[in-house]
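Contents: one structure, followed by commentary.
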Ligand SMILES: [Zn+2]
Ligand SMILES: [Zn+2]
């Protein structure tokens with residue numbers, strides 16, 4: 004995870020043959036810096052896959068594709084909502100819920116409940132490794148739990164602490180939006196998921212998209228770790244943040 008949070012999201016997935024960005028919510032300069040820190044560079048990217056059109060996921064997209072002309076994969080309904088600033092890149096649109104491949108990475112897309120035009124989560128598969136990535140969702144429908152099963156690495160949103168959100172600085176309408184079935188996942192919902200339905204064979208659980216004002220990494224860690232401990236799981240727990248990239252997970 005190069006960045007995760009309400010002011011910028013971007014992940015890198017790579018095999019020896021194929022290098023993908025998932026979302027492009029970092030400036031070109033910041034993205035270049037974070038790629039350099041892990042021995043990568045913008046020119047190595049083969050394609051960008053987009054989850055939805057909210058600015059924290061696409062703010063760096065138009066500029067990146069002007070500098071590095073890579074194809075952008077996004078859903079058929081999301082595509083027209085992006086402002087390309089007069090330099091539309093190669094668009095590869097897909098129907099939400101379908102599967103496709105980029106190089107040697109196979110990608111399953113699935114619809115997620117969130118207040119965007121046509122938001123999706125993804126599972127990526129290559130060389131027997133499966134990575135699930137889903138953020139920006141108001142709740143976790145059974146269909147998504149099914150998709151995420153068998154992930155070796157699972158990146159999931161743990162957006163807010165419900166009590167902090169309630170007493171926090173947001174206007175009431177925004178609080179209602181965040182808490183709604185099309186908003187964002189609360190820490191406790193993630194805790195319940197880990198306690199009851201999380202796949203025990205998942206080796207690494209990354210929690211991210213933390214609210215800057217209504218959450219704290221230590222609360223996220225505590226809630227998830229208690230749930231893992233309750234099940235006696237030794238899953239590696241990583242909290243992804245806004246200011247720096249996580250470690251690189253290699254298989
Ligand atoms: Zn977001
Ligand atoms: Zn969003």
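Residue numbers (our numbering): 4 to 254.
Don't be surprised by glycine CBs; every beta carbon is placed ideally from N, CA and C.
Classify residue i: buried if its beta carbon has 16 or more other beta carbons within 10 angstroms, exposed otherwise.
| i | result |
| --- | --- |
| residue 162 | buried |
| residue 128 | buried |
| residue 223 | buried |
Nearest to residue i by CA position, among the options, is which residue?
| i | options | result |
| --- | --- | --- |
| residue 89 | 236, 80, 69 and 107 | 69 |
| residue 30 | 245, 55, 19 and 102 | 245 |
| residue 132 | 110, 94 and 8 | 110 |
| residue 198 | 156, 230 and 192 | 230 |
| residue 37 | 218, 242 and 7 | 7 |
| residue 100 | 117, 147, 86 and 119 | 147 |
| residue 250 | 19, 25 and 41 | 41 |
| residue 55 | 183, 27 and 180 | 27 |
| residue 213 | 236, 168 and 200 | 168 |
| residue 87 | 80, 105, 98 and 67 | 67 |
| residue 71 | 232, 220, 91 and 239 | 91 |
Beta carbon of residue i, beta carbon of residue j: below 8 Å?
| i | j | result |
| --- | --- | --- |
| residue 145 | residue 115 | no |
| residue 227 | residue 210 | yes |
| residue 11 | residue 62 | yes |
| residue 74 | residue 44 | no |
| residue 191 | residue 165 | yes |
| residue 235 | residue 202 | no |
| residue 25 | residue 113 | no |
| residue 57 | residue 119 | yes |
So, does the CB of residue i fall closer than 8 Å to a CB anywhere in chain D?
| i | result |
| --- | --- |
| residue 182 | No chain D appears in this structure, which consists of one protein chain only. |
What whole-angstrom Cβ distance do residue i and residue j have, given they're in contact under 8 Å?
| i | j | result |
| --- | --- | --- |
| residue 23 | residue 13 | 11 Å between Cβ atoms; not a contact. |
| residue 215 | residue 9 | 6 Å |
| residue 137 | residue 155 | About 15 Å separates the two Cβ atoms, so there is no contact after all. |
- Item | Residue ranges of each alpha helix (DSSP H) within the stretch 74-131, 4 or longer | For the alpha helix (DSSP H) assignment, the stretch 74-131 encloses no uninterrupted run of at least 4 residues.
- Query: Hey, which unbroken runs of the alpha helix (DSSP H) at 4 residues or more fall wholly within the stretch 161-242?
  - Reply: Complete alpha helix (DSSP H) runs here, min 4: 165-170, 175-182, 190-199 and 220-233.
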